[in-house]
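> Structure in structure tokens, see below.
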Amino acid sequence: MIALRVADLTVTYGPVVAVSDLSFCVEPGETLVLLGPNGAGKTSAVEAIAGLLPKRRGTVEFLGADISRLSASTIARSGLALVPQWRELFPAFSVEETLMAATTAAAGRQPTPLPAVYELFPVLQERRRQTAGSLSGGEQQMLAIARALVTNPKLLLLDEPSAGLASGITRTLIATIARIRHSGVAIVLVEQNMEIARALGERCCMLSAGRLAWSGSMHEAIERNEAERVYFGEHRQSRPAEG
Ligand SMILES: Nc1ncnc2c1ncn2[C@@H]1O[C@H](COP(=O)(O)OP(=O)(O)OP(=O)(O)O)[C@@H](O)[C@H]1O
Ligand SMILES: [Mg+2]
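Numbered per numbering that gives the first Met the number 0, the sequence shown spans residues 0 to 242.
Below is the structure:
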């Protein structure tokens, strides 16, 4: 059974079309990378899939069930977890309180026990009594991912986990996400950092101005220099050059 099937997804903000007729699938245990320049519609797409934004058109199937019209909390309880681009932690909650609060999103299923989560993120165990707001950027990203894992997801949507982080964290992020993938969780990884994308992605979809510009294997994408074409070249549609 396919983990995620997105068909003709269209997301709009008033007159602005952020995502236009986007279709893709993710197999169980697979990591799909969603690439594309700033403003391409990556966040809008994953937030609409997770039920946080209304869909103008299109359907989303998760493990064979149509979740297109379900609320974000119902979708989260069914095992689809989003780690949002801006992390959205409660700064006054301790690390442990943040993780405990997330267990309610696993209601009806088995939450992942905290020791198993700490095993993946030893730094969070060390800091478990510290407030989320006092963690470093990299630690906050680890906490945001850990909070999603507590819900024992079958599919994890990660929206630019490397955004705003020093490049030194890249290897830790890659190793952590690789371990999550190894545990059998399907992953949709939004990334612009090609080192992370190529280390983890099996297939990739490239968005440009809200549309699917290219999709195929990560290997082929690199061979054919597709990312450069999407960012700078012929796939690019309406956005003027920046700077
Ligand atoms: N709340 C909003 N109101 C109006 N337009 C929006 C809103 N949020 C996003 N947009 C527009 O929708 C388009 C897609 O934005 P989105 O944030 O999904 O892109 P992105 O690919 O995630 O970009 P980034 O890489 O910078 O995170 C952009 O043109 C953006 O300006
Ligand atoms: Mg984004």
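Even glycine gets a Cβ: it sits at the ideal position worked out from N, Cα and C.
This one's a predicted model, so the numbers in the text were calculated from it and none came from an experiment.
1) Check whether the Cβ of Q140 sits closer than 6 Å to any heavy atom of ligand 2, and report yes or no.
2) Return the chain-ordered list of same chain residues with a C-beta closer than 7 Å to the C-beta of L113, the five sequence neighbours on each side being excluded.
3) I'd like to confirm something about Q191: is its beta-carbon nearer than 6 Å to some heavy atom of ligand 2, or not?
4) Look up Y12 in the DSSP assignment and give the residues it is bridged to.
5) Is T42 near ligand 2, judged by its Cβ being under 6 Å from some heavy atom?
6) Rounded to a whole number of angstroms, what is the C-alpha to C-alpha distance between Q191 and E159?
7) Just to check, is the beta-carbon of A49 closer than 6 Å to a non-hydrogen atom of ligand 1?
8) For K105, which residues in the same chain have their Cβ closer than 8 Å to its Cβ, ignoring the five residues on either side in sequence?
9) Given G242, which residues of its chain have a CB within under 8 Å of its CB, disregarding the five upstream and five downstream residues?
10) Give the DSSP bridge partners of L155, in chain order.
Checking against the coordinates, here is how it stands:
1) Taking the sequence shown and counting its residues from 1, the one referred to as residue 140 is at position 141. Every heavy atom of ligand 2 is 6 Å or more from the Cβ of Q140, so no.
2) Translated into the one-based positions of the sequence shown, residue 113 becomes position 114. Excluding sequence neighbours, L113 sits near L98.
3) Here the question's residue 191 lines up with position 192 in the sequence shown. False, no ligand heavy atom lies under 6 Å from that Cβ.
4) Position 13 of the sequence shown holds residue 12. According to DSSP, which records beta bridges pairwise, Y12 is partnered with V15.
5) To locate residue 42, count along the sequence shown from 1; it is residue 43. The answer is yes for T42.
6) Counting from 1 along the sequence shown, the entry for residue 191 is found at position 192. Counting from 1 along the sequence shown, the entry for residue 159 is found at position 160. The straight-line gap from Cα to Cα measures roughly 7 Å.
7) Here residue 49 is taken as the residue at index 50 of the sequence shown, counted from 1. A49 Cβ: outside cutoff for every heavy atom of ligand 1.
8) The residue labelled residue 105 in the question sits at position 106 within the sequence shown. The residue asked about is misnamed: residue 105 is Ala in this sequence, not Lys. Around A105: R76, T111, V149, T150 and N151.
9) Translated into the one-based positions of the sequence shown, residue 242 becomes position 243. Because the pLDDT of G242 is 37, which lies under 50, any placement of that residue in the model is unreliable, and the number read from its coordinates should be weighed accordingly. Closer than 8 Å at the Cβ level, and outside the excluded window around G242, lies no residue.
10) Residue numbering aside, residue 155 sits at position 156 when the sequence shown is read from its first letter. L155 pairs with A80 and I186.
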